[in-house]
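S.K.: Please find one structure pasted underneath; my questions will follow.
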Amino acid sequence: MSSIQLNGLTKKFGNLTAVDNVTLSVGNGELFGLLGPNGAGKTTIINMLTTLLLPTSGSAKIEGYDIEKEADNVRRNIGVIFQEPSLDIHLTGKENLEFHAMMYGMSSNERKKRIIEVLEVVGLLEKADIFVENYSGGMKRRLEIARGLIHHPKVLFLDEPTLGLDAQTRRKIWEYIKDLNKKYALSIVLTTHYMEEADYLCDRIAIMDHGKIVSLDTPANLKNHLEGDIISLEISGKSIEFIDALEKNPEIKTVKNNENSLSITIIDGEKKIPELFLLAQNIGIEIISVNLRKPSLEDVFIQLTGSGIREEAGNKYSHFHAGTRRRLMK
Amino acid sequence: MIQPVAIYVLWLREMKKFVRAKSRLVGAISMPVFMLVFLGLGFRRVAIPGLPESVSYLQYIVPGIIGMTLLFTGASVGMSVLMDRQFGFLKEVMVTPASRISIALGRISGGATTSIIQALMMLFISVFMGFRFPVLGDFLLSVLVMLLISVIFISISLILSSMMKDVHGFNALTNLVVFPLFLLSGALFPVSNLPVGIRIFSYLDPLTYGVDALRNLMIGYSDFPLYVNIGILLTLSCVLIGISSYSFRKSKSV
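First to last, the sequence lines map onto chains A and B. Quick note: the first sequence uses our numbering, first residue -5, plus one each step. Quick note: the second sequence uses our numbering, first residue 496, plus one each step.
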C-alpha cells in the first residue's frame, strides 16, 4: 500500500492555478522529493496534504485517510516541519514540545519520555530549558524536526528544511533526515529548490513547474535522461568550420556556441577529448582550455524548467514574512 | 468534541506568556487606571442627571471601568491570534488533531483569565480611591458576570480575526468596534441621557447589560433586574462561542 496517494489534486487561487491536476503516489518508507523553482506549487501541495488548505478539486489520501473527509485522522498520522518558522519564541524548547505533545493528547508519562527521546535525536537535550528566542537558526530547525516527531507520525512533511541555514547545519540536518527515514521507516516528503539536497536525500524526485509535475524519477535516472557528459571548450580562431565538423559527428548530441566557448554534450566524454583535439588541430583551431563534467541534477532541472530566474509571486505579507524570518533565523 | 487537555495547554501557554510579559500587563491596565483616576476625581463634584444622589460618580464609574477593561483586553485576544498567524505558530496549532472547538475554548479561557485578573486589579485599585468593596456573595457573582462579558468580547474578537489577515487592519477594525461599544454601554454616564435614536444602539450593546449587572452587584443600583442581565449575557456567550469555533474551522491559517 502506498503511504500517500494524490489523485488529480488541484488548487486555484483566483485565476492562478497553483497546483494543476497532480497525480502521484509515495510508497511506505520512501524519501520523496518535490523539486521546483519558487512558486512552482510545492508548498501549496504540502499545505493541502497537511489539511491547512482545502483542494479546489481532486483528492488525496494519507495512510488511507482522505485529507478532506478524515482530516483528524490525517492530522494524527503526520508530522510537519513548515518552511516558515512556527515556534513560540517566548517559550522554552521543552515547553514548545510539551505544548505539541499535549495537543496530541499524549499522557504525562509518555510525554516526558518521548520529549527526552526526540531532544536526543536532534542533540538539543542540554538546551531544552532555554527560551527559543535565544536559539540559533539551526537549533530552531532541529527543534521543529524534534517536535514533528513526538507523536510518532507515519509520514513526515519537510517544507524547505534547510532554507537559510549554513553549510554545516545543512549537512547535519541531512544526516538527521536520512537517519529518521532508515531507523523508523518513516515516509518523508520534502520540498526543496536545492538540487544537491534532493540528489543526496531522495529516493525519487518529482520536478515541478507551474503547478505541474514535469518529470518524476530517481535522481540517477533523471540525470541519465540527459545522456552524456558536458564538455566546455574555449577556443580561438574561426569556429564555424569547427562547429560544422562537430555537428557532423554522430556521437555528439548537442553543440552550443557562445562567443569563444563551446558546450558539447557527448557520451563517454573522457575518451572523446583526444579526438576533439585532433579535429581542432586539423582545422587549425587552438583549444585554450577544456572542462569536462558529469551532468548534475541542476542541468536536468534547468533543461526541464528553463533557465530564467523566477520572480516569486509574493503577496503583500511576503515582505513582512521575510523580515520576520530573518529576525527569527538570526 | 471537547478535549480538556487541549484547552488546558492553550490556557497554560497564555498564562505563561502573561506572567512573563510584565510590560504587557502595565500597558493594558494603564488606560483604565487613568480613566478611573481622572474621570473619578474630575467629575467628583458634578451632579450627573439620571443618577440618584446616594450614588457618587466614583461609585458609578468603577463597574463601568471594569467593563471597559474586560472589553479592551478581550478585543486584543484576536490580535494575539493574528500575531500567531504571522509568526507561523497558528499553523502548528492547526495541524494538530485538537478539535477546533477545543482550540477556540482554549483561546477564550486563556483570554478570559487574563481579562478577569486585570479587572480585579482595577477593582482593588478603586478600593484605595474610596470604592466600597462588595460583600463576598456579590463579589463572587460579579466575577461570574466578568467571565460572561469576557467570553462575549473574546469570541467577537476571534470571529473578527478569522476574517482579517493583517494586524493593522484588525487594529483599525477593533477600534471602530470597541470605542462605540464602550461609549454606548453606559460605563461613563447613564444610557437614559442619550437621545432615543442613539439609545437603541445602547440596548444592542452587550456591554450595557454587563456593566448594568456589575453595578447591580457592586453598588446595588441598576436599570434592569439582575436575572435579565445575566440571562442576556449567558445566551449571547453560548451563541458566540459556537460562532467563533465555527469561524476557527473555516479560517485560513496559511
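Ideal placement from N, C-alpha and C gives every residue a C-beta, glycine not left out. As the structure is a computational prediction, the values presented were derived from the model and not from experiment.
(1) If I'm right that R602 (chain B) touches V572 (chain B) with Cβ under 8 Å, what's the distance once you round it to whole angstroms?
(2) Let me see if you follow: with CB-CB separation under 7 Å, is E62 (chain A) close to chain B or not?
(3) Compute the Euclidean distance between the alpha carbons of G99 (chain A) and S740 (chain B), then round it to the nearest angstrom.
(4) Confirm, please, whether the CB-CB distance from P558 (chain B) to R710 (chain B) is below 7 Å.
(5) Quick check on A599 (chain B): buried or exposed, where buried means 16 or more other Cβ atoms within 10 Å of its Cβ?
(6) Nearest to A95 (chain A) by CA position, among B:V640, B:P544, B:A607 and B:A501, is which residue?
(7) In whole angstroms, give me the CA-to-CA distance for E62 (chain A) and S51 (chain A).
(8) I'd like to know whether the C-beta of G35 (chain A) is nearer than 7 Å to at least one C-beta of chain B.
(9) In chain order, what residues of the same chain lie with their CB nearer than 8 Å to the CB of I167 (chain A), ignoring the 5 residues before and after it?
(10) Assess, as a yes-or-no matter, whether the segment 581 to 598 of chain B is touched by the segment 628 to 636 of chain B under the definition of 3 or more beta carbon pairs within less than 8 Å.
(11) Give me the DSSP bridge partner(s) of E280 (chain A).
(12) Near T45 (chain A), which residues of its chain fall below 7 Å by C-beta distance, leaving aside the five closest residues on each side in sequence?
(13) Over what stretch of residues does the beta strand (DSSP E) that includes L25 (chain A) continue unbroken?
(14) Since G583 (chain B) meets chain A, which of its residues come closer than 7 Å, beta carbon to beta carbon?
(15) Determine the closest residue to L43 (chain A) out of A:K6, A:L119, A:E89 and A:V183, with distance taken between C-alpha atoms.
(16) Does DSSP put A12 (chain A) in a helix, in a strand, or in coil?
(17) Does chain A have any CB closer than 7 Å to the CB of E587 (chain B)?
(18) What does a CB cutoff of less than 8 Å around I261 (chain A) pick up in its chain, not counting 5 residues either side in sequence?
(19) Give, in chain order, every unbroken run of the alpha helix (DSSP H) that is at least 4 residues long and sits entirely within the segment 85 to 171 of chain A.
(20) Within the segment 513 to 579 of chain B, note down every full alpha helix (DSSP H) run reaching 4 residues or more, in order along the chain.
(21) Helix, strand or coil for Q581 (chain B) per DSSP?
(22) Using DSSP bridges, identify the partner residues of V74 (chain A).
(23) Shortest alpha-carbon distance to L566 (chain B) belongs to which of B:I714, B:I644 and B:G625?
(24) Compare the C-alpha of N254 (chain A) against each of A:I279, A:S53, A:L195 and A:K106 and name the closest.
(25) DSSP on I502 (chain B), reduced to helix/strand/coil?
(26) Near F76 (chain A), which residues of its chain fall below 7 Å by C-beta distance, leaving aside the five closest residues on each side in sequence?
(27) Determine the extent of the beta strand (DSSP E) in which T248 (chain A) is found, giving its start and end residues.
(28) Starting from L729 (chain B), follow the alpha helix (DSSP H) in both directions and report where the run begins and ends.
(29) In terms of DSSP beta bridges, what is R69 (chain A) paired with?
(30) Quick one, are the C-beta atoms of F236 (chain A) and I282 (chain A) less than 7 Å apart?
(31) Mind checking the segment 589 to 615 of chain B against chain A and listing, in chain order, the residues whose C-beta falls within less than 7 Å of any C-beta there?
(32) Compare the C-beta of R105 (chain A) with all C-beta atoms of chain B and state if any pair is closer than 7 Å.
(33) Identify whether I303 (chain A) lies in helix, strand or coil by the three-state DSSP scheme.
(34) Measuring CB to CB, does P685 (chain B) end up less than 7 Å from G545 (chain B)?
(35) At what residues does the beta strand (DSSP E) containing L0 (chain A) begin and finish?
(36) Should I225 (chain A) be listed as close to the ligand NAP, given that the test is whether its C-beta is under 6 Å from any heavy atom?
M.R.: The answer reads as follows:
(1) Working through the second sequence from its first residue, we reach residue 602 (chain B) at position 107. Working through the second sequence from its first residue, we reach residue 572 (chain B) at position 77. Confirmed, about 6 Å.
(2) Position 68 of the first sequence, counted from the start, is the residue given in the question as residue 62 (chain A). With 7 Å as the cut-off, E62 (chain A) does not count as an interface residue toward chain B.
(3) The residue you call residue 99 (chain A) lines up with position 105 of the first sequence. The residue you call residue 740 (chain B) lines up with position 245 of the second sequence. One C-alpha to the other measures close to 19 Å.
(4) Here residue 710 (chain B) refers to the residue found at position 215 of the second sequence. Here residue 558 (chain B) refers to the residue found at position 63 of the second sequence. Yes; because the gap between Cβ atoms is below 7 Å, this pair is in contact.
(5) For the purposes of this step, residue 599 (chain B) is taken as the residue at position 104 of the second sequence. Its Cβ being crowded by 16 or more others within 10 Å, A599 (chain B) is buried.
(6) Your numbering for residue 95 (chain A) matches position 101 in the first sequence. Ranking the options by Cα distance to A95 (chain A), first place goes to B:A501.
(7) Translated into the one-based positions of the first sequence, residue 62 (chain A) becomes position 68. Translated into the one-based positions of the first sequence, residue 51 (chain A) becomes position 57. Near 11 Å, if we compare the C-alpha coordinates of S51 (chain A) and E62 (chain A).
(8) To locate residue 35 (chain A), count along the first sequence from 1; it is residue 41. Not one chain B Cβ lies under 7 Å of G35 (chain A).
(9) In the first sequence, the residue the question calls residue 167 (chain A) occupies position 173. G132, R135, R136, I139, P155, T156 and L159.
(10) no
(11) The residue given as residue 280 (chain A) occupies position 286 in the first sequence. According to DSSP, which records beta bridges pairwise, E280 (chain A) is partnered with A:S230.
(12) Position 51 of the first sequence holds residue 45 (chain A). Counting only Cβ-Cβ distances below 7 Å, and skipping sequence neighbours, we find I61, A65, V68 and R69.
(13) On the first sequence, residue 25 (chain A) is found 31 positions in, with the first residue counted as 1. Looking at the DSSP string, the run of the beta strand (DSSP E) that includes L25 (chain A) is L25 to L29.
(14) Here residue 583 (chain B) refers to the residue found at position 88 of the second sequence. F76, E78, P79 and S80, listed in chain order.
(15) Looking up residue 43 (chain A) in the first sequence gives position 49. Comparing Cα-Cα distances from L43 (chain A) to each of A:K6, A:L119, A:E89 and A:V183, the minimum goes to A:V183.
(16) By 1-based counting over the first sequence, the position of residue 12 (chain A) is 18. DSSP places A12 (chain A) in strand when its eight states are reduced to three.
(17) Counting from 1 along the second sequence, the entry for residue 587 (chain B) is found at position 92. True, the Cβ-Cβ gap to chain A drops below 7 Å.
(18) Reading the first sequence from its first residue, position 267 is the one you call residue 261 (chain A). The answer, listed in chain order, is E221, G222, D223, E245 and K247.
(19) 87 to 97, 102 to 115 and 131 to 143
(20) 517 to 537
(21) Taking the second sequence and counting its residues from 1, the one referred to as residue 581 (chain B) is at position 86. Note: Q581 (chain B) maps to helix in three-state DSSP.
(22) Here the question's residue 74 (chain A) lines up with position 80 in the first sequence. In the DSSP output, where bridge partners are listed per residue, V74 (chain A) has A:F151.
(23) Counting from 1 along the second sequence, the entry for residue 566 (chain B) is found at position 71. Nearest option by C-alpha distance: B:I644.
(24) The residue you call residue 254 (chain A) lines up with position 260 of the first sequence. Of the listed residues, the one whose Cα sits closest to N254 (chain A) is A:I279.
(25) For the purposes of this step, residue 502 (chain B) is taken as residue 7 along the second sequence, with counting starting at 1. Helix, per DSSP.
(26) Locating residue 76 (chain A) in the first sequence gives position 82, counting from the first residue. Same-chain partners within the cutoff: D153.
(27) Here residue 248 (chain A) refers to the residue found at position 254 when the first sequence is read from its first residue. T248 (chain A) -> beta strand (DSSP E) spans I246 to N252.
(28) As a first step, residue 729 (chain B) is located in the second sequence; it is residue number 234 there, counting from the start. Start and end: L721 to K745.
(29) In the first sequence, counting from the first residue as 1, residue 69 (chain A) sits at position 75. Looking at the DSSP assignment, R69 (chain A) forms no beta bridge with any residue, so it has no partner.
(30) On the first sequence, position 242 is the one that residue 236 (chain A) refers to. On the first sequence, position 288 is the one that residue 282 (chain A) refers to. Their beta carbons are not under 7 Å apart, which means F236 (chain A) does not touch I282 (chain A) by this criterion.
(31) M589, V590, T591, P592 and A593
(32) To locate residue 105 (chain A), count along the first sequence from 1; it is residue 111. By this cut-off, R105 (chain A) is not an interface position.
(33) Sequence index remark: in the first sequence, residue 303 (chain A) carries index 309 (1-based). Its pLDDT being 46, under 50, I303 (chain A) is placed unreliably by the model, and nothing is read from it.
(34) Numbered from its first residue, the second sequence carries residue 685 (chain B) at position 190. Numbered from its first residue, the second sequence carries residue 545 (chain B) at position 50. Cβ distance < 7 Å, so P685 (chain B) and G545 (chain B) count as in contact.
(35) In the first sequence, residue 0 (chain A) corresponds to position 6, counting from 1. First-last of the beta strand (DSSP E) with L0 (chain A): S(-4) to F7.
(36) The model depicted lacks the ligand NAP and carries no ligand whatsoever.
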